[in-house]
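Here the structure is laid out as structure tokens; the discussion comes afterwards.
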Amino acid sequence: MSLKRSFARVTGDAAPRLKTSAMIASIAGDDQKTQAAPFGHALVELAKTRADIVGLTADLAKYTDLHIFAEAYPDRFYQMGMAEQLLMAASAGMAREGFTPFATTYAVFASRRAYDFICMAIAEENLPVKIVCALPGLTTGYGPSHQATDDLSIFRAMPNLTVIDPCDALDIEQAVPAIAAHPGPVYMRLLRGKVPLVLDEYDYRFELGKAALLRDGRDVLFISSGLMTMRVLEASKVLSKDSIDCAVLHVPTIKPLDTAAIIREASKPGRLVVVAENHSIIGGLGEAVAGVLMRAGVHPAFRQIALPDQFLDAGALPTLHDRYGISTGAICGQIKGWL
Amino acid sequence: MHAPIGHNSQLRLKAYQIRRTALKMGQVQGQGYIAQALDVADILAVAYFHAMTFRAGEPDWEGRDRFYLSIGHYAIALYAALIEAGIVPREELETYGGDDSCLPMSGMATYTPGMEITGGSLGQGLPIAIGACLALKRKRSSSFIYNLLSDGELGEGSTWEAAMSAAHWKLDNLIAIVDVNDQQADGPSSSVLSAEPLHEKWRAFGWFTQRVDGNDIDALVTAFDAARAHAAPQPRVIICDTLMGKGVPFLEAREKNHFIRVDDGEWDKAIDMLDAEFAR
Numbered sequence: 130m131s132l133k134r135s136f137a138r139v140t141g142d143a144a145p146r147l148k149t150s151a152m153i154a155s156i157a158g159d160d161q162k163t164q165a166a167p168f169g170h171a172l173v174e175l176a177k178t179r180a181d182i183v184g185l186t187a188d189l190a191k192y193t194d195l196h197i198f199a200e201a202y203p204d205r206f207y208q209m210g211m212a213e214q215l216l217m218a219a220s221a222g223m224a225r226e227g228f229t230p231f232a233t234t235y236a237v238f239a240s241r242r243a244y245d246f247i248c249m250a251i252a253e254e255n256l257p258v259k260i261v262c263a264l265p266g267l268t269t270g271y272g273p274s275h276q277a278t279d280d281l282s283i284f285r286a287m288p289n290l291t292v293i294d295p296c297d298a299l300d301i302e303q304a305v306p307a308i309a310a311h312p313g314p315v316y317m318r319l320l321r322g323k324v325p326l327v328l329d330e331y332d333y334r335f336e337l338g339k340a341a342l343l344r345d346g347r348d349v350l351f352i353s354s355g356l357m358t359m360r361v362l363e364a365s366k367v368l369s370k371d372s373i374d375c376a377v378l379h380v381p382t383i384k385p386l387d388t389a390a391i392i393r394e395a396s397k398p399g400r401l402v403v404v405a406e407n408h409s410i411i412g413g414l415g416e417a418v419a420g421v422l423m424r425a426g427v428h429p430a431f432r433q434i435a436l437p438d439q440f441l442d443a444g445a446l447p448t449l450h451d452r453y454g455i456s457t458g459a460i461c462g463q464i465k466g467w468l
Numbered sequence: 010m011h012a013p014i015g016h017n018s019q020l021r022l023k024a025y026q027i028r029r030t031a032l033k034m035g036q037v038q039g040q041g042y043i044a045q046a047l048d049v050a051d052i053l054a055v056a057y058f059h060a061m062t063f064r065a066g067e068p069d070w071e072g073r074d075r076f077y078l079s080i081g082h083y084a085i086a087l088y089a090a091l092i093e094a095g096i097v098p099r100e101e102l103e104t105y106g107g108d109d110s111c112l113p114m115s116g117m118a119t120y121t122p123g124m125e126i127t128g129g130s131l132g133q134g135l136p137i138a139i140g141a142c143l144a145l146k147r148k149r150s151s152s153f154i155y156n157l158l159s160d161g162e163l164g165e166g167s168t169w170e171a172a173m174s175a176a177h178w179k180l181d182n183l184i185a186i187v188d189v190n191d192q193q194a195d196g197p198s199s200s201v202l203s204a205e206p207l208h209e210k211w212r213a214f215g216w217f218t219q220r221v222d223g224n225d226i227d228a229l230v231t232a233f234d235a236a237r238a239h240a241a242p243q244p245r246v247i248i249c250d251t252l253m254g255k256g257v258p259f260l261e262a263r264e265k266n267h268f269i270r271v272d273d274g275e276w277d278k279a280i281d282m283l284d285a286e287f288a289r
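Protein chains in written order, with the numbering used here: chain C, 130 to 468; chain F, 10 to 289.
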């Protein structure tokens, strides 16, 4: 049996073809407010007052917005080359000697290739290394080599590690000083380049370990993290036109989970609880929330919006987000089907 | 540097004491990586009692040289050295490998004073040392990082990522020591995954490379001195050919000696033989 796909012929009157969403593709919609390189600028700002901050990367400074820091503080920037195991272990060595390293690469390489080095050289000793990784979940159409659909599942199981999945430019900007102030290791998912700015319209501040109720509603409780929070906020607006009233609990800290807020909101009667995440349906926020609710004896109607347990296709992000159910339109469709 | 007369004899005495202390710990457990401890004792004696600067009562003293043991299973040897150095109290050896002991079978930084890193997952020590050496340079420290690796550990690709990086960053504060005893879990290293020619490999990676008999105190002293004094801005490696079980003839002769079980009566015999060998 051939493992190859069949040829996709282009027909004469086909709709305009979308381009592959390569690594630099922005997830911002055309009409969305954006902010450039929030991580890089926030780190530069933080480094002004903290001489212990250093930046390291494995040949991906430009693709993780760390180049902004490298330009501002060239003597505090370490280009470690295309060697993620070295990147993580060397960051541990830096931390042993009193520095606070921000180590950047793609989420796939940190979670898959460098796992043991993060686990044993960093987490086992609770060293304050901040691992900041681009291309979380399905944010590139480049294919499974670069799609970190399993990073939250992998990192949730690592003791001592704090796991952050920020929503937008504001979240990232505020998370940077917060994770630097945290005494232990942190893994943070990163949106880079032109990053949407959404949360400025809400009464919100990033607090490590805290979930935030961004809007309230009677029919559906979305519990979400990362870019899915902006998607469910958009979906809530759309659904309100059909008189479907949605609440959104944004959970930027995946670990440790704000269990009190999750139990409090999920305990309110009459709402469908829907966990939405830019991650495989296995082992991410959805299953974490399910576990919390089961252990607490809270049993609402429960659904997950997440990526399937598959190696995902290559292509254009709008196509792929529709295909795998995490676009605003696909979210609305799923909610209507469930209600 | 000119060593005082009898200095190397003192180091031979230290090496003997490290071997004896390691055997005592092995006896507590009735098992362990004792053949490695015996082969590496001379290296540890020269490192701790000739080359390195440290304060026994202040193991975290900022001005110390750091010793990174990536091969966690050699902990029994390092504990013996730390006991002889006065960093770990001698009475602790009775707890070796027991529940709640600060001397676990595999060396971990959070358990033991003087144990700088958590080893065990091989191939991590040298890359950790890269970051620490860069950090020491940021701090304008004159301390060295010593990293003890094994020949088996050279199979880990991360070691070579670090070897490349050390030369790239001109880490002249890094001294790697490779214990070449030609033994690993599944047999002779040369048949498991051949790493030779080692001298040429390290030199090609940009390191100041020496290869010595790792059980010859005089040769080790000369090599450690040369590694520290070397003027060029490059990392340094001392490849040490050693003999598993060195100092206890019936252990030297064992073919499968990666992880040794010694019968109850044999421990006293091993210590007696070590004493006799040293007295010769």
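Virtual Cβ for every residue (Gly too), placed ideally from N, Cα, C.
- When the Cα atoms are used, Arg205/C and Asp48/F turn out to be separated by approximately 41 Å.
- Between Gly223/F and chain C, the shortest Cβ-Cβ separation is not below 8 Å.
- Assigned with DSSP and collapsed to three states, Ala243/C falls in coil, not helix or strand.
- Listed in chain order, the beta strand (DSSP E) runs fully inside the segment 159-233 of chain C are 163-165, 182-186 and 206-208, counting runs of at least 3 residues.
- Note that the segment 227-244 of chain F does not touch the segment 201-208 of chain F; fewer than 3 beta-carbon pairs, one per stretch, sit closer than 8 Å.
- Membership of Asn17/F in the alpha helix (DSSP H) is indicated by the continuous run His16 to Gln38.
- When the Cα atoms are used, His267/F and Ile184/F turn out to be separated by approximately 25 Å.
- Sequence-distant partners of Leu91/F (beyond 5 residues in either direction) whose C-beta falls short of 6 Å from its own C-beta, in its chain, are Val97 and Gly123.
- Residue-level contact by beta carbon holds for Met249/C and chain F, with a gap shorter than 8 Å.
- With a 10 Å radius around the Cβ and a threshold of 16 neighbouring Cβ atoms, Lys23/F comes out buried.
- A residue is called buried once 16 or more other Cβ atoms fall within 10 Å of its Cβ, and Gly66/F, having fewer, is exposed.
- In the three-state scheme derived from DSSP, where H, G and I count as helix and E and B as strand, Lys339/C is classed as coil.
- In the structure shown, Leu87/F adopts helical secondary structure according to DSSP, grouped into three states.
- In this structure, the beta-carbon distance from Ala304/C to Pro257/C does not fall below 8 Å.
- Scanning Ser110/F, Leu135/F, Ala94/F and Asp108/F for the CA closest to the CA of Gln214/C turns up Leu135/F.
- For Arg347/C, the closest of Gly355/C, Arg400/C and Asp371/C by C-alpha to C-alpha distance is Arg400/C.
- Your pair Ala243/C and Leu264/C does not check out as a contact, with CB atoms roughly 15 Å apart and the cut at 8 Å.
- Under the rule that a run must span 4 or more residues, the alpha helix (DSSP H) segments found entirely inside the segment 348-431 of chain C read 356-369, 388-396 and 414-425.
- Residue contact check for Ala176/F against chain C: no CB pair falls below 8 Å.
- The three-state secondary structure of Phe63/F, taken from DSSP, is coil.
- The Cβ of Ala221/C sits closer than 8 Å to at least one Cβ of chain F.
- For the segment 242-259 of chain F, there are no residues whose beta carbon sits under 9 Å from a beta carbon of chain C.
- The shortest C-alpha to C-alpha distance from Asp297/C to any of Ser240/C, Leu342/C and Gly355/C is the one to Gly355/C.
- About 20 Å separates the beta carbons of Val292/C and Ile156/C, which is beyond the 8 Å limit, so they are not a contact pair.
- Below the 7 Å Cβ cutoff, chain F contributes Ser174 as neighbours of Gly210/C, in chain order.
- In the DSSP assignment, Ser200/F falls outside any beta strand (DSSP E) and within the unbroken alpha helix (DSSP H) covering Ser198 to Val201.
- Taking a cut-off of 8 Å for Cβ pairs, the segment 192-208 of chain C and the segment 32-42 of chain F do not touch, as fewer than three such pairs fall below it.
- The C-beta distance from Asn190/F to Met282/F rounds to 19 Å, too long to fall under 8 Å, and the pair is not in contact.
- Any Cβ of chain C closer than 8 Å to the Cβ of Gln40/F would place that residue at the interface, and such an atom is absent.
- Contact residues of the segment 238-263 of chain C toward chain F are Asp245, Phe246, Met249, Ala250, Glu253 and Glu254 (C-beta to C-beta distance below 7 Å).
- When Cβ-Cβ separations below 8 Å define contact, Lys210/F makes no contact with chain C.
- Shown here, Phe440/C sits in coil according to DSSP, grouped into three states, outside any helix or strand.
- DSSP, read as helix, strand or coil, puts Cys461/C in helix.
- Annotated three-state conformation of Asp280/C is helix, per DSSP.
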